[in-house]
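Below is one structure; the comments refer to it alone.
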Amino acid sequence: MTSREPRPTLSALVLPDRHPVQVFLAEVREAEQAGVRAVWTYDHLTWPLLAEGPWYGAVPLLAAAAMVTDRVRLGTQVASPNFRHPVPFAKELMTLDQLTGGRLELGVGAGTEGPDALVLGEPPRTRAERADRFAEWLDLLDVLLREPVTTVHGERFTAVDAHQLPGCVQQPRLPFTVAATGPKALALAARQGQGWVTYGPYGAAVEPEEWFAAVADQSRRLTGALAAQGREPGALRRSAQFGLEMYWPFQSRERYADTLGRLTEAGIDEVSVHWPRPDGRGVSRSALDIVAEAHAG
């Protein structure tokens, strides 16, 4: 890739396990100073890979980050119906959008069958059940964040005279970035999303060629889903996240440049990296310059 060729923008993932909280805030500020477009944090109550350590709530962390940043956009990757009810969550999101001055983005997904899905004592759900629940959840969030007062009686979620004043800074509401790989979720992303995000095939053992092929295929299917909704291919920001155990893109400047080039060919507009961590996962400190230089200008 040359400097004249298009390249994806860069965003950063800072996990909510930083302790003390001031470390999280310092890394968000560092990412902002490095020029990333957005900083995301995971919205879970716990996470199996890091279940034994500290873990903070995404909403108060983002509120604190709003107070120590000026430019960078802030958001969740990803909030889900597993433990979030649309009515109180919409109020928190509206407040965060006000605190950030209109810099909030909401990353959303159906959620997995992991601990977050079981912590409230609800029975396990099938993939199809989670997909249907997610669609109803997101549709209600959309209405709540657009309207000053909402009453909706749904199959799974209900809002009765739910007030949402003064509303979002961003109009008609803050943007949704929808995590999607399957047909139902891609159709929902095409209908409700201003962004789409994928990990591709997840796991440390996934080979690069398999990963590129899967991301390109998902992006093609998203284009089809957008067409079915009467929307243009460029209607959504398309984001690819590098997994926490995904190290090969950062092996050299040439490898990272090639990765960005191939993602651009697949229609990807943004990449997300896990900000350097003390446990060595994510992008390393030594490779951070490679990443920053590739996205500069």
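Note that the sequence shown covers residues 1234 to 1530 in our numbering. Glycine included, C-beta positions come from ideal geometry on N, C-alpha and C.
Item	Value
8 Å CB neighbourhood of Glu1265 in its chain, flanking five on each side removed	Val1272, Thr1302, Asp1303, Arg1304, Val1305
N-terminal and C-terminal residue of the beta strand (DSSP E) that Leu1246 is part of	1242-1246
Length at least 3, wholly inside the region 1304-1344: the beta strand (DSSP E) runs in chain order	1306-1312, 1337-1341
Own chain residues within Cβ distance below 7 Å of Arg1262, not counting five before or after	Val1301, Thr1302
Cβ neighbour criterion (16 or more within 10 Å) applied to His1277	buried
Straight-line Cα distance separating Arg1453 from Ala1499	8 Å
As assigned by DSSP and simplified to three states, the class of Thr1414	coil
Minimum length 3: unbroken beta strand (DSSP E) runs contained in the region 1240-1295	1242-1246, 1271-1274
Residue span of the beta strand (DSSP E) that contains Gly1428, given as start and end	1428-1431
Sequence ranges, beta strand (DSSP E) only - wholly within the region 1424-1492, length at least 3	1428-1431, 1470-1474
Whole-angstrom C-beta distance between Met1327 and Leu1378, which should lie under 8 Å	7 Å
Glu1346 (DSSP reduced to helix, strand or coil)	coil
Same chain, Cβ closer than 7 Å to Pro1405, neighbours up to 5 away in sequence not counted	Arg1379
Helix, strand or coil at Met1234 [DSSP, three-state]	Residue placement at Met1234 is flagged as unreliable, the pLDDT there being 41, under the threshold of 50; a coordinate-derived value is accordingly withheld.
Spatial distance of Trp1508 from Glu1338 (CA atoms)	18 Å
Buried or exposed by the 16-neighbour rule on C-beta atoms within 10 Å, applied to Ala1422	buried
Other residues of its chain near Gly1476: CB distance less than 7 Å, five sequence neighbours each side excluded	Tyr1432, Tyr1435
Assigned secondary structure, Glu1355 (DSSP; H/G/I helix, E/B strand, else coil)	coil
Euclidean distance between Cα positions of Gln1397 and Val1439	44 Å
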